[in-house]
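Chains A and D are the protein sequences, given in the same order.
Going letter by letter, the first sequence gives residues 1 to 270 in my numbering.
Going letter by letter, the second sequence gives residues 1001 to 1301 in my numbering.
Virtual Cβ for every residue (Gly too), placed ideally from N, Cα, C.
These numbers were taken from a predicted model, which means no experiment stands behind them.
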Amino acid sequence: MQAASTVRAGNSHSRVRGILLRLAGVGVLLGFWQLMAVLLPPSRLVGPWNAVSDLVHHYNNDPLISFFGFSAAGYGGLMYFTVRNVIVGVAVGGLCGVVGGVALARTERTRAATEPALVTLGTVPILAVMPLFVIWFGVASYTSVILVALYTTILLAQYAMRAAENLPPIYEARAKTCGARMGTRVIRVLVPGVMPEILGGLRVALAFSWGLEVFAETLGAPSGLGQGIQILSNTDNVQGILAIVLLIAAVALLVDALLMAAARLLFRWR
Amino acid sequence: MKTARISSQKSEDSDSSQAANISAGRTTGALQSLGDRAPNADVRLDAVSVTFMRSNGDRVTAIENVDLTVKTGELLCVIGRSGEGKTTLLNVVAGLVEPSEGRVLVGEREIHGTGADRGVIFQGDAVYPWMRVADNVGFGLRVKGVRRPERERVVDEYLELVGLSHVAKSWPRELSGGMRSRVAVASVFANDPEVLLADEPFGALDYVTRRRLQGVMLDLWQRTGKTILFVTHDVEEALLLATRIIVVGGGHVLDDRPVNLARPRDEEVLASSEAVETRRRLLSYLGLEPGAGSAVGQTNE
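Take a look at the structure:
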């Protein structure tokens, strides 16, 4: 008991130390940014405080964005569009990727037939095919969702396949000798066994999907932070662009933190 | 059989409550109901052969034309050197490997594939790390659809018997190797299989923990009267546990004899002339010089 509480205390200390180190890293980055802002003219770079001020000021309403006829007239409205698309794209792609990857890992012939195609698709730079998606699906909100979903599916299918292959066969053998049917084995053994490894893939997919979504929006979308950046860059509004970049970073960090908190709760056994 | 008398090995620390139960000969509800039942759980192998195909195309015969019957309630130890077919023999009975020829029967049923009637304690760690100890022990019962109150009752009883009640809510990563082995043993017994198959379950444990778990195993067998096939490298383990020992070599049963030593098998019994003679014979099958028995038994491989 005493040993367990000592371990717990040690864990909380190392967690606090980890948070402090991360904060220190962010501080160094902001310091460097501020230094560069002092050295460069405001038309090239503004400091973090100016960017935050712009973000607060234009969160609900930006006359420039309103001028271009967007229904969401502030950064907040644009952000809602982007966040929704990323979440839907990653959720759909994640589900398809995990189910597909686990299924492929369990059927040798199908895997042999599809794995080269998956690996090949994985090597194609997704940003390069983005104009094709705009041509195929038009300037619609679901165009970027499809792109994010496709990217997530390919990535997570590979993670899921590897995770299912890495799961010790003894776990499933035990379930079989307990009389568990396929459905029970998948739900009670396979899914909990592979999820921690898949979580790593999900974080990578999420991190990349923000950039993917925003870039897709700059090519053509009815709304979104990417469109906001496009409009602001046409008027050389460096302060506004940096404000949106900050907003994207903050949202990405928040979503990742929520994912990690959920993972800590779900994977307490690790 | 059902009136428990523990063997000389178990009396250590956290097993004290368990030892008290055992020495008092108390049997709890779930165990009594298991023990009262006397199904025909004979295991019969009729001319069973298993042939594997290597990746280079070579055929390897793991066991060949094996005829074997294990009577209900027997504790049969299977010994032999590595790669001689012990685990294959066990896997065939478990249904994890299909025989290339011949058939396997449990009772009157010919078996194909795995089933809850044959529980396996695996050589490796098969305790699910994502389930708490109690959930691990109750996993088989849950699969069977046993309702929660009944499941919890059975789980509690088996956890008490293996001395793990205090860690019922713990995660497996918080347990030692020996404790996890006890979880594995409790899990299989709690699932109430007709036949229990153990594949060198204690081989990776230190000497003291192994002796303690042998005691737990023996006690549960005495209480439940299960038919057990126990694969081991260790001659001393076989002498301590078995009602009968077979030696497997080259895919064949080389020797098959009952062990009529008295129980509990304490130092005195294991030093008797009959035990010495059995040990000598078993060691000679394993290719060891007669007289090297005690040293081999203590070092375990």
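Helix, strand or coil at residue i according to DSSP, with G and I counted as helix
i: VAL1050 (chain D); result: strand
i: PHE68 (chain A); result: coil
i: GLU1108 (chain D); result: coil
i: ASP236 (chain A); result: coil
i: THR1069 (chain D); result: strand
i: ASP1256 (chain D); result: strand
i: GLY1243 (chain D); result: The amino acid occupying residue 1243 (chain D) in the given sequence is Thr; Gly does not appear at that position. The answer is coil: DSSP assigns THR1243 (chain D) none of H, G, I, E or B.
i: LEU1045 (chain D); result: strand
i: GLY1095 (chain D); result: coil
i: VAL1248 (chain D); result: strand
i: GLU1084 (chain D); result: coil
i: ASP1156 (chain D); result: helix
i: LYS1169 (chain D); result: coil
i: LEU1283 (chain D); result: helix
i: GLY1138 (chain D); result: coil
i: SER1176 (chain D); result: coil
i: LEU1034 (chain D); result: Note that LEU1034 (chain D) has pLDDT 44, beneath the 50 cutoff, so the model's placement of it is unreliable and the number below is only indicative. Helix.
i: TRP269 (chain A); result: coil
i: ASN11 (chain A); result: helix
i: TRP181 (chain A); result: Looking at the sequence provided, one finds Arg at residue 181 (chain A) rather than Trp. It is coil, neither helix nor strand.
i: GLN1214 (chain D); result: helix
i: GLY211 (chain A); result: helix
Identified DSSP bridge partners for residue i
i: HIS271 (chain A); result: Past the edges of chain A, shown from 1 to 270, lies residue 271 (chain A), and the structure says nothing about it.
i: ARG109 (chain A); result: Looking at the DSSP assignment, ARG109 (chain A) forms no beta bridge with any residue, so it has no partner.
i: PHE1230 (chain D); result: D:CYS1077 and D:ALA1198
i: ARG1118 (chain D); result: D:VAL1195
i: THR1061 (chain D); result: D:THR1051
i: LEU1103 (chain D); result: In the sequence as displayed, the identity of residue 1103 (chain D) is Arg instead of Leu. Answer is D:ASP1046.
Buried/exposed call for residue i, threshold 16 Cβ in 10 Å
i: ILE135 (chain A); result: exposed
i: MET130 (chain A); result: buried
i: LEU1229 (chain D); result: buried
i: ILE19 (chain A); result: exposed
i: PRO42 (chain A); result: exposed
i: TRP1130 (chain D); result: buried
i: MET1053 (chain D); result: exposed
i: ASN1136 (chain D); result: buried
i: VAL1060 (chain D); result: exposed
i: MET182 (chain A); result: exposed
i: ARG185 (chain A); result: buried
i: HIS13 (chain A); result: exposed
i: TYR1158 (chain D); result: buried
Cutoff 7 Å: residue i Cβ touching any chain A Cβ
i: TRP1221 (chain D); result: no
i: GLY1115 (chain D); result: yes
i: ASN1091 (chain D); result: no
i: LEU1075 (chain D); result: no
i: PRO1099 (chain D); result: no
i: VAL1167 (chain D); result: no
i: GLY1140 (chain D); result: yes
i: ALA1275 (chain D); result: no
i: ASN1191 (chain D); result: yes
i: LEU1229 (chain D); result: no
i: SER1017 (chain D); result: Only weak support is given to the placement of SER1017 (chain D): the predicted model assigns it a pLDDT of 37, under 50, and the question is left unresolved by the model.
i: GLY1145 (chain D); result: no
i: ALA1204 (chain D); result: no
Residue-level contact to chain D via CB, residue i, 7 Å cutoff
i: GLY10 (chain A); result: no
i: TRP210 (chain A); result: no
i: ILE170 (chain A); result: yes
i: ALA173 (chain A); result: yes
i: GLY179 (chain A); result: yes
i: TRP49 (chain A); result: no
i: PRO125 (chain A); result: no
i: THR153 (chain A); result: no
i: TRP269 (chain A); result: yes
i: THR184 (chain A); result: yes
Proximal chain B residues relative to residue i, where beta-carbon distance stays under 9 Å
i: GLY193 (chain A); result: Note that chain B does not occur in the displayed structure, where the protein chains are A and D.
So, do the segment 1115 to 1124 of chain D and the segment 1161 to 1175 of chain D have three or more beta carbon pairs nearer to each other than 8 Å? Because the criterion of three Cβ pairs below 8 Å is not met, the segment 1115 to 1124 of chain D and the segment 1161 to 1175 of chain D do not touch.
Just checking, does the segment 107 to 118 of chain A make contact with the segment 197 to 204 of chain A on the three C-beta pairs under 8 Å criterion? no
Are at least three pairs of beta-carbons, each pair with one atom in the segment 1100 to 1111 of chain D and one in the segment 1234 to 1252 of chain D, less than 8 Å apart? Using a C-beta cut-off of 8 Å, the segment 1100 to 1111 of chain D makes no contact with the segment 1234 to 1252 of chain D, since fewer than three inter-stretch Cβ pairs fall below that distance.
Three or more C-beta pairs below 8 Å linking the segment 220 to 240 of chain A and the segment 146 to 161 of chain A: no
If contact is defined by three or more beta carbon pairs under 8 Å, each pair taking one atom from either stretch, is the segment 1237 to 1251 of chain D in contact with the segment 1065 to 1081 of chain D? Taking 8 Å as the limit for Cβ pairs, the verdict is that the segment 1237 to 1251 of chain D does touch the segment 1065 to 1081 of chain D.
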